[in-house]
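K.L.:
In this text, residue positions in the sequence shown follow this note's numbering: the first is 59, and each later residue adds one.
Glycine residues also receive a C-beta, built at the ideal position from the N, C-alpha and C atoms.
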Amino acid sequence: MEKLSKIFRFITAPLDFLSKYFKLLVLLIVVLLIVGANQEESPKQANLAKLYLRGAIYESDSFEKQIEEIKKNPNIKGVLLIIDSPGGSVGASIEIANMIKDLRDSMPVIAHVEGSMASGSYYAGMYSDKIIANRGSLIGSIGIIINGYNIKPLLDKIGIKEQTLQEGEYKTIGTFTREWTPKEREYLQSFLKKQYNLFVNDVLEARSLSNTDPKVFAEGKIFTASEALKLKLIDEIGSRSQAIKELSDIAQVSNPIFLEKSKTEQFLEKLNSASLSIFSNLFREQIQ
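1. Under three-state DSSP, which class holds F275?
2. Within the same chain, show all residues whose beta-carbon is closer than 7 angstroms to that of G113, passing over the 5 residues directly before and after it, in chain order.
3. Evaluate contact between the segment 174-194 and the segment 127-146, counting only Cβ atoms and requiring at least three cross-stretch pairs below 8 angstroms.
4. Using C-beta distances below 7 angstroms, list every residue in its chain close to I209, excluding the 5 sequence neighbours before and after it, in chain order.
5. Under a three-way DSSP split, which group does Y254 fall into?
6. In terms of residues, what are the limits of the alpha helix (DSSP H) holding M165?
7. Distance check for E237 and L111, CA to CA, integer angstroms please.
8. Just the C-alpha distance for E117 and I152, rounded to the nearest angstrom, thanks.
9. Measuring CB atoms only, is the segment 292-307 touching the segment 164-175, in the sense that at least three cross pairs come out at less than 8 angstroms?
10. Does the Cβ-Cβ distance between F311 and G146 come in under 8 angstroms?
11. For A264, which residues of its own chain have a beta-carbon under 7 angstroms away from its beta-carbon, when the five flanking residues on both sides are left out?
12. Determine the extent of the beta strand (DSSP E) in which G136 is found, giving its start and end residues.
13. Relative to the C-alpha of S195, which residue among A309, K123, L291, F316 is closest?
14. Strictly by DSSP, which residues pair up with R112?
15. Using the C-alpha atoms, what's the distance from K215 back to T239?
16. Could you check which residue in A155, L106, Q103 has the C-alpha nearest to that of D119?
17. Looking at the structure shown, is A309 part of a helix, part of a strand, or coil, going by DSSP?
18. Reducing DSSP to helix, strand and coil, say where N205 ends up.
19. Would you give the residue range spanned by the alpha helix (DSSP H) that A104 belongs to?
20. Near K130, which residues of its chain fall below 8 angstroms by C-beta distance, leaving aside the five closest residues on each side in sequence?
21. Taking 8 angstroms as the CB-CB cut-off, is Y180 touching chain B?
22. When we look at the beta-carbon of F249 and count the other beta-carbons within 10 Å, is it buried (16 or more) or exposed?
23. Can you tell me whether S266 is buried or exposed, with buried defined as 16 or more other CB within 10 angstroms of its CB?
24. Classify I154 as helix, strand or coil using the three-state DSSP reduction.
25. Which of the three DSSP states, helix, strand or coil, is assigned to G183?
26. N105: buried (16+ other C-beta within 10 angstroms of its C-beta) or exposed?
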């Protein structure tokens with residue numbers, strides 16, 4: 059009964075939060091509107107742009123909007139791709155990788171790793187013309203994973219039984235309400251292998267590593283910047299200012315002026331990050 063009570067509290071916690079902090083949320087929205095109304099437009103003379111790949115990758119639409127804004131300005135001659143992401147879903151990572159590959163065909167793209175470029179974010183950013191990483195950054199984690207939970211013992215304790223009708227033997231594959239069958243595990247492992255081979259082959263092509271044994275870099279390991287440099291997963295170790303200089307030289311820009319995100323967009327990102335942090339803390343508190 060206690061576990062059922064905890065689950066119920068977890069479900070109602072977000073509603074309690076919204077009720078308790080409703081006035082604060084309204085105030086934040088008002089502040090946002092004021093900031094948006096008073097913000098200055100990005101300088102029309104901008105000749106370079108910053109493209110951000112931060113946080114977990116579960117969709118590509120927001121990244122695509124950044125690229126659309128860059129393409130609207132005919133004066134932009136190069137892009138600094140700023141990466142700090144632990145990765146995410148395969149599909150979204152590949153979509154972003156394709157966008158960067160396409161953007162690179164029209165202007166130089168220099169990536170600067172400022173935290174981590176791991177798993178899906180490595181996939182997404184590896185088509186940049188050059189990858190420069192902060193000396194404290196983490197690179198790699200090249201691999202594929204599927205994980206899940208088996209909550210059947212919990213459901214049994216609180217008296218909940220699953221009912222399922224299905225057509226297709228593998229339709230409920232990956233379910234968390236029971237243990238996966240040996241055939242399901244075998245199928246999922248085969249599926250993962252195909253996705254893994256796709257990832258590895260694309261890395262080999264993008265980074266010109268055809269003569270390198272994939273086991274050296276593609277076993278899911280995380281590498282330091284210096285290790286990644288030796289493995290040719292990155293091109294250089296350096297600061298953001300060094301990456302900007304590199305981009306300016308390639309784009310032939312003597313006085314770099316960046317097309318920045320609007321203040322409203324920056325405010326929304328901070329608000330979203332704060333909200334995720336609050337709800338994450340609520341989640342941890344309710345299930346412990």
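P.N.:
For this structure:
1. coil
2. S143
3. Yes: at least three Cβ pairs fall under 8 angstroms.
4. F234, T235
5. helix
6. No alpha helix (DSSP H) contains M165, which DSSP labels as neither H nor E.
7. 36 angstroms
8. 10 angstroms
9. yes
10. Correcting the residue type first, residue 311 is Val in the shown sequence and not Phe. No, Cβ-Cβ distance for V311 and G146 is not below 8 angstroms.
11. Cβ within range, chain order: M184, Y185.
12. 136-143
13. Across the set A309, K123, L291, F316, the C-alpha of L291 shows the shortest separation from the C-alpha of S195.
14. Answer by DSSP bridge pairing, in chain order: D142.
15. 22 angstroms
16. A155
17. helix
18. coil
19. Neither: A104 is in no alpha helix (DSSP H) and is coded neither H nor E.
20. Shown here for K130: not one same chain residue has a beta carbon closer than 8 angstroms to its own, the five before and five after excluded.
21. Absent from the structure: chain B. Only one protein chain is present.
22. exposed
23. exposed
24. helix
25. helix
26. buried
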